[in-house]
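Peer 1: Here the sequence shown is numbered in numbering that gives the first Met the number 0, starting from 0 and rising by one per residue. Note that beta-carbon positions come from the ideal geometry of N, C-alpha and C, so glycine has one too.
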Amino acid sequence: MKYNFDQIRIRKGTHSIKWDANETEEILPMWIADMDFQTFPPLAEALTQIVKQGNYGYNMVPHEVYAAIIHWWQKRHGCTVEKDWILASTGVSAAVSAIIATLTDPGDEVIIQTPAYNHFFDVVNGGKCRILENRIIYENGTYRLDFKDLERKASSHKAKILLLCNPHNPIGRAWTEAELQKVAAICARHGVYVISDEIHCDLVAHERGHISFLKIATGQNLPFVVCGAASKTFNLSGLHAAYLFISDSELRKNVERQLWAQGTGTPSLMACEALTISYTQGDEWVAELNWYIAENYRMLKAFIEKHLNQIVVVQLEATYLVWLDCSQTGMKSKDLADLLLQQEKLWVNPGAMYGAAGEGFLRINIACPRETLREGLTRLKNVLEKFC
Ligand SMILES: Cc1ncc(COP(=O)(O)O)c(C=O)c1O
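1. From the DSSP output, in three-state form, read off K159 for me.
2. Could you check what DSSP says for W346 in three-state terms: helix, strand or coil?
3. Are three or more beta carbon pairs between the stretch 359-376 and the stretch 316-323 nearer than 8 Å?
4. Quick one, which of E343, G56 and V313 has its alpha-carbon nearest K385's?
5. CA-CA distance, N309 and M298?
6. So which of E108, T263 and W290 has the shortest CA-CA distance to L86?
7. Is D33 near ligand 1 - that is, is its Cβ less than 6 Å away from at least one heavy atom of it?
8. List the whole-angstrom C-beta distance separating G350 from P166, where the pair is believed to meet the contact cut-off of C-beta under 8 Å.
9. To the nearest angstrom, report how far apart S277 and T232 are at their CA atoms.
10. By Cβ distance below 6 Å, which residues in the same chain neighbour S326 in space, the five residues on each side in sequence not counted?
11. Please state whether DSSP places N364 in a helix, a strand or coil.
12. Let me confirm a value: I16 is counted as buried when at least 16 other C-beta atoms fall within 10 Å, else exposed. Which label applies?
13. Thinking C-beta only, is A158 closer than 7 Å to E108?
14. Closer than 6 Å: is that where the CB of Y291 sits relative to any heavy atom of ligand 1?
15. Return yes when the C-beta of M198 is under 6 Å from any heavy atom of ligand 1, and no when it is not.
16. Is it buried or exposed for T275, if we count other Cβ within 10 angstroms and need 16 for buried?
17. Assuming D19 and T371 form a contact by the criterion Cβ under 8 Å, report the distance between their Cβ atoms to the nearest whole angstrom.
18. Are the stretch 68-80 and the stretch 89-106 touching, with three or more C-beta to C-beta distances below 8 Å?
19. Y242 lies in the beta strand (DSSP E); which residues open and close that run?
20. Pick out whichever of G140, M330 and V193 has its Cα sitting closest to the Cα of V462.
21. Look at the Cβ atom of L258, then the Cβ atom of S92, and state whether they are nearer than 7 Å.
22. Tell whether a beta-carbon distance below 7 Å holds between I215 and A183.
23. Can you tell me where the alpha helix (DSSP H) with R172 in it begins and where it stops?
24. Mind checking who G227 pairs with in its DSSP beta bridge?
25. Alpha carbon to alpha carbon, how far is G53 from M352? Give it in angstroms, no decimals.
26. Quick check: is any heavy atom of ligand 1 less than 6 Å from the C-beta of V193?
27. Taking Cβ to Cβ, would you say F4 is nearer than 7 Å to Y291?
28. Helix, strand or coil for Y142? Go by DSSP, reduced to three states.
29. For R75, report the span of its alpha helix (DSSP H) as first-last.
30. Compare the beta carbon distance of Y116 and C164 with 7 Å and say whether it is the shorter of the two.
31. May I ask you to check if the CB of Y116 is nearer than 6 Å to at least one heavy atom of ligand 1?
32. Going by the CB atoms, is the gap between A67 and T265 shorter than 7 Å?
33. Would you say the beta carbon of A228 is closer than 6 Å to some non-hydrogen atom of ligand 1?
34. DSSP puts C164 in a beta bridge; with which residues?
35. Answer with buried or exposed for H62, where buried requires no fewer than 16 other C-beta atoms within 10 angstroms of its C-beta.
36. When the Cα of I69 is compared with those of Y242, N124 and E287, which residue comes out closest?
Below, the structure written as structure tokens:
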């Protein structure tokens, strides 16, 4: 390996929300989607050069950012992106809010597939829309989409958007081409716009790789909105940069106006530089990162299968967020997460945060050095052995 993912970095005291939001000593945070590795090393050097400029006035989004995005999507995902489709934003959540504001009126319905990323609930509610839950079916330790229910929900005359999470946080599914084809066809039949949040698209462990909704929509001659970012891939969330691909020029103009109205239309100077460097030079680093995460996942799975038979590990196809079925403990996910925090200072996310469909589960972040993961698993075991 060229890069050292084993190195432990002290992040406490750096205003990291992951490490500093709870001031308890010796806390081990394995919750929010934020990695503990040193990111791609040339980034620090490039950002230092910007700091040295000594002037930090308003910035524009330089041509290099668009070129880097086009290059990355072509090379990594085999998608040809036209420059005109791209809108920049300070974040994916801000971008999704802007789309909801543009495509809906208060009281309209937005479909989300639950369990779902918790801020999906916030952005839909913030847009004064009603949430329609299309629960993902959980059977024998795996998840599959409920197309019948999706068809029913999409047929509501108030349903305007399906907010697709591709790959899916928190359940770790990387949707297949066949699944996405069906989703696209159902939504097209009922005039429901699919917004595909692909922020986790580079973190796909599965051999088949990431299937972008852009490809599916293009194949079916449908308009599309795809949200992406370098922030999860390279751990740049504190810099605030994201982007959208919108094929329809009228919609793009309106969403751009809304992004500006929200004050979320321009990533910072640092964010633009970080995205450009990551996407033009970071392929090898991402390949090693995915390899390391896959090894961490194997270690977690083996540990849990050996020591904790009351937990089922849901297959991780994408992201570094492992979804643990803890229903056999008989505990509510919030109570179990609280117990882990109180007893062993282990901070993980309760599944109920992701909607009622997440009850009985925990989400644990494994993007950390192996030694940290080992410590986290030991703490998990200590609690479960004693209390469950
Ligand atoms: C699916 C998904 N979308 C969006 C976000 C947030 O993106 P941003 O920080 O760019 O708003 C996250 C963060 O975890 C996420 O998992």
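Peer 2: To lay it out plainly:
1. strand
2. strand
3. yes
4. E343
5. Residue 309 is actually Gln in this sequence, not Asn. About 17 Å.
6. T263
7. no
8. The pair is not a contact, with the Cβ atoms about 18 Å apart (cut-off 8 Å).
9. 9 Å
10. G359
11. strand
12. exposed
13. yes
14. no
15. In the sequence under discussion, the amino acid at residue 198 is Ile, which differs from the Met named in the question. For ligand 1, at least one heavy atom lies less than 6 Å from the Cβ of I198.
16. buried
17. The pair is not a contact, with the Cβ atoms about 16 Å apart (cut-off 8 Å).
18. no
19. A241 to I245
20. Look at the range of the chain in this structure, 0 to 387, and you will see that residue 462 is not part of it.
21. no
22. yes
23. Where R172 is concerned, there is no enclosing alpha helix (DSSP H), given that its DSSP letter is neither H nor E.
24. Y242
25. 42 Å
26. no
27. yes
28. strand
29. H62 to H76
30. yes
31. yes
32. no
33. yes
34. D196
35. exposed
36. Y242
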